[in-house]
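Written below as structure tokens is the structure these notes are about.
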Amino acid sequence: MEIRRVVGSLVCTQRIAELAHVDLRVLQDAAGRRVVATDPVGARPDDWVFVVSGSAARYAMGNPAILTDLTVGGVIDHWPPEAASEPSSPPHGTPRR
Amino acid sequence: MEIRRVVGSLVCTQRIAELAHVDLRVLQDAAGRRVVATDPVGARPDDWVFVVSGSAARYAMGNPAILTDLTVGGVIDHWPPEAASEPSSPPHGTPRR
Amino acid sequence: MEIRRVVGSLVCTQRIAELAHVDLRVLQDAAGRRVVATDPVGARPDDWVFVVSGSAARYAMGNPAILTDLTVGGVIDHWPPEAASEPSSPPHGTPRR
Amino acid sequence: MEIRRVVGSLVCTQRIAELAHVDLRVLQDAAGRRVVATDPVGARPDDWVFVVSGSAARYAMGNPAILTDLTVGGVIDHWPPEAASEPSSPPHGTPRR
Amino acid sequence: MEIRRVVGSLVCTQRIAELAHVDLRVLQDAAGRRVVATDPVGARPDDWVFVVSGSAARYAMGNPAILTDLTVGGVIDHWPPEAASEPSSPPHGTPRR
Numbered sequence: 001m002e003i004r005r006v007v008g009s010l011v012c013t014q015r016i017a018e019l020a021h022v023d024l025r026v027l028q029d030a031a032g033r034r035v036v037a038t039d040p041v042g043a044r045p046d047d048w049v050f051v052v053s054g055s056a057a058r059y060a061m062g063n064p065a066i067l068t069d070l071t072v073g074g075v076i077d078h079w080p081p082e083a084a085s086e087p088s089s090p091p092h093g094t095p096r097r
Numbered sequence: 001m002e003i004r005r006v007v008g009s010l011v012c013t014q015r016i017a018e019l020a021h022v023d024l025r026v027l028q029d030a031a032g033r034r035v036v037a038t039d040p041v042g043a044r045p046d047d048w049v050f051v052v053s054g055s056a057a058r059y060a061m062g063n064p065a066i067l068t069d070l071t072v073g074g075v076i077d078h079w080p081p082e083a084a085s086e087p088s089s090p091p092h093g094t095p096r097r
Numbered sequence: 001m002e003i004r005r006v007v008g009s010l011v012c013t014q015r016i017a018e019l020a021h022v023d024l025r026v027l028q029d030a031a032g033r034r035v036v037a038t039d040p041v042g043a044r045p046d047d048w049v050f051v052v053s054g055s056a057a058r059y060a061m062g063n064p065a066i067l068t069d070l071t072v073g074g075v076i077d078h079w080p081p082e083a084a085s086e087p088s089s090p091p092h093g094t095p096r097r
Numbered sequence: 001m002e003i004r005r006v007v008g009s010l011v012c013t014q015r016i017a018e019l020a021h022v023d024l025r026v027l028q029d030a031a032g033r034r035v036v037a038t039d040p041v042g043a044r045p046d047d048w049v050f051v052v053s054g055s056a057a058r059y060a061m062g063n064p065a066i067l068t069d070l071t072v073g074g075v076i077d078h079w080p081p082e083a084a085s086e087p088s089s090p091p092h093g094t095p096r097r
Numbered sequence: 001m002e003i004r005r006v007v008g009s010l011v012c013t014q015r016i017a018e019l020a021h022v023d024l025r026v027l028q029d030a031a032g033r034r035v036v037a038t039d040p041v042g043a044r045p046d047d048w049v050f051v052v053s054g055s056a057a058r059y060a061m062g063n064p065a066i067l068t069d070l071t072v073g074g075v076i077d078h079w080p081p082e083a084a085s086e087p088s089s090p091p092h093g094t095p096r097r
């Protein structure tokens, strides 16, 4: 699941019937690129969320007839700080354990 | 769902039977990259739209036998302005709420 | 659907049984990156085509037992010229219509 | 399957019911980009893992009702060293074998 | 289908049951990025292969219970040389044929 920040809601009157009564959120990644997601969780602007994609996005709405490909799966409370050491690749040549 | 702008229609006489009678739109992202989508909404050139991908794209045409992987889901009327503050990552180490 | 140009055919004798009797095309994007696709349309080298991905690629072969994830959906005859104006983002803050 | 490193666990109290009782891991790629995955394997921080995406991610949890799109498939013990020769493209024009 | 080169095999003792008895290959793209794939074909190090992704990857193993999202579909013998002319975009404005 990708990590995104909520920017706000999307105003969109002309849409397919399968998304007629669904709230659409505008999300943004760290680089500022925006996408649109359905939101059964009730995330608020500036919340960081993780999103579920693919067919799981439809089931996550509680109704697979809602034709989304991206759904907010949860609001992130906090996450781990940067690791002290950040090797750029896994060890190779010899087993690790 | 990704956000794209409508450029126009695609002329394509030699195509698979499952897309024979379907209008194909050329869409463009902010970087100018072009893709092709089916459009049950009737978007017009210069409209900004959001698109549904994967198997949901087929169902969004009202007929899963239409073998598209990208369908216009709605025409964007407007969206939120840039956020005042844009933190580059979620808070970490301590809970937010 | 993504837009690609046909480079030629792929010679590949050692392959999975589900792709044994299928013509494989090498396609290239504008940046020169190459991918492999099945082709029920009969595209020729230098043709520009659009391709269908995901499970739709299997159905587009007329036989979902053909285990492709990318199928040529049609040959592009022509497409719209560049738009005169190219706004980099949709309007925001106020409705467009 | 993509290769990622485990950073830690995600704290996320407000989430969809289908992910209510599932441990969520924060993973990171070599460039530092973070994603969220479900983990039936029990990977630990700093482990390098490979992840399964799409509908296979749900089945990999042993329960397709768990609405994830990314699941840890295994912990990498070690992998091959860099190849001595690294041709930038496959041979072409003449058969290899 | 994407094109990748085989680097070697992955050693991975702690993995999900659905991948317990499957050979895992490390593949690399032209830029050196590595991914993990299942391999029913028996590709060898330095072979160039094409890979099938998504649900097709499971069926390509001959058993959809094998929870992979990437499977080697064939070993590339050779492919077409670079095209003499490489237009950067399809013709537009006027029909090609």
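Chains as they are written, first to last, in the working numbering: chain A, 1 to 97; chain B, 1 to 97; chain C, 1 to 97; chain D, 1 to 97; chain E, 1 to 97. Glycine included, C-beta positions come from ideal geometry on N, C-alpha and C.
Taking D:Ile66 as the query, report the chain E residues whose CB atoms sit under 9 Å from its CB, ordered along the chain.
Result: empty, since nearest Cβ-Cβ is about 13 Å, beyond 9 Å.
Would you kindly report the start and end of the unbroken beta strand (DSSP E) that includes E:Arg25?
Run containing E:Arg25: 24 to 28, per the beta strand (DSSP E) assignment.
Three-way DSSP call (helix, strand, coil) for D:Ala20 in this model
If DSSP states are grouped into helix, strand and coil, D:Ala20 belongs with coil.
Shorter than 8 Å from the beta carbon of D:Thr71 to some beta carbon of chain A?
Judged by the 8 Å Cβ criterion, D:Thr71 is not in contact with chain A.
Between D:Val36 and the rest of its own chain, which residues show a CB-CB distance below 8 Å, the 5 nearest in sequence each way excluded?
Within the same chain, and ignoring the five residues on either side of D:Val36 in sequence, the residues whose Cβ sits closer than 8 Å to its Cβ are Leu10, Leu24, Arg25, Val26, Leu27, Leu70.
Using the three-state DSSP reduction, which class does C:Ala60 fall into: helix, strand or coil?
Of the three classes helix, strand and coil, the one that applies to C:Ala60 here is coil, per DSSP.
N- and C-terminal bounds of the beta strand (DSSP E) containing A:Gly8:
Residues 2 to 9.
Rounded to the nearest angstrom, what separates B:Ala17 and C:Ala57 at their Cα positions?
Taking the straight line from one Cα to the other gives about 13 Å.
Would you kindly work out how many angstroms separate the C-alpha atoms of E:Val41 and E:Met61, rounded to a whole number?
Rounded to the nearest whole angstrom, the CA to CA distance from E:Val41 to E:Met61 is 9 Å.
Using DSSP bridges, identify the partner residues of E:Val36.
The partner list for E:Val36 (beta bridge, DSSP) reads E:Val26.
Of all the residues that make up the region 38 to 61 of chain B, which are near chain A by a beta-carbon distance shorter than 7 Å?
Along the region 38 to 61 of chain B, going in chain order, the ones with a CB nearer than 7 Å to a CB of chain A are Pro40, Val41, Phe50, Val52, Ser53, Gly54, Ser55, Ala56, Tyr59, Ala60.
Residue burial classification, B:Asp77 (beta-carbon count within 10 angstroms, cutoff 16):
It counts as buried.
Beta-carbon proximity list for B:Trp48, same chain, < 7 Å, skipping 5 on both sides:
Result list for B:Trp48: Ile3, Arg5, Ile76, in chain order.
Cross-chain neighbours of C:Asp77 in chain B, by beta carbon under 9 Å
C:Asp77 reaches chain B at Leu10, Val11, Cys12, Thr13, Gln14, counting residues in chain order whose Cβ is nearer than 9 Å.
B:Ser53 and A:Ser55: beta carbons closer than 8 Å?
No.
Where do the N-terminal and C-terminal ends of the beta strand (DSSP E) with D:Trp79 fall, by residue?
Here D:Trp79 belongs to no beta strand (DSSP E), and DSSP marks it neither H nor E.
Could you please give me the residues that DSSP links to E:Thr71 through a beta bridge?
Paired residue(s): E:Thr38, E:Val52.
When you compare the CB positions of D:Gly170 and E:Arg15, do they come within less than 8 Å of one another, or not?
Outside the displayed range of chain D (1 to 97) lies residue 170 of chain D, so it cannot be described from this structure.
In this structure, how does DSSP classify D:Arg15 when only helix, strand and coil are distinguished?
Correct three-state label for D:Arg15: strand.
A:Pro80 and D:Gly8: beta carbons closer than 8 Å?
Yes. Within cutoff.
Please check if any C-beta of chain B sits within less than 8 Å of the C-beta of C:Gly74.
Interface residue, yes.
With 16 other CB atoms within 10 Å as the buried threshold, where does D:Thr68 fall?
That one is buried.
Inter-residue spacing [alpha-carbon to alpha-carbon] between D:Asp29 and B:Thr13:
In this structure, the CA atom of D:Asp29 is about 43 Å from the CA atom of B:Thr13.
Rounded straight-line distance, which links the Cα of C:Ala43 to that of D:Thr101
The displayed coordinates of chain D run from 1 to 97. Any statement about residue 101 of chain D would go beyond what the structure contains.
At the level of alpha carbons, what is the spacing between A:Val22 and C:Ala65?
Straight-line Cα distance between these residues: approximately 36 Å.
Indicate whether at least one CB of chain A lies closer than 8 Å to the CB of B:Glu2.
It does: the Cβ of B:Glu2 has a partner Cβ on chain A nearer than 8 Å.
8 Å CB neighbourhood of A:Pro45 in its chain, flanking five on each side removed:
Apart from the 5 residues on each side of it in sequence, A:Pro45 sits with its Cβ closer than 8 Å to the Cβ of Val6, Val7, Gly8 in its chain, given in chain order.
Nearest-angstrom Cα separation, counted from D:Tyr59 out to D:Ala20
In a straight line, the C-alpha of D:Ala20 is about 17 Å away from that of D:Tyr59.
Suppose you measure from the CA of A:Asn63 to the CA of E:Asn63; what does that come to, to the nearest Å?
Straight-line Cα distance between these residues: approximately 29 Å.
Straight-line Cα distance separating E:Met1 from D:Gln50:
Checking the displayed sequence, the identity of residue 50 of chain D turns out to be Phe instead of Gln. Pairing D:Phe50 with E:Met1, the inter-Cα distance amounts to about 20 Å.
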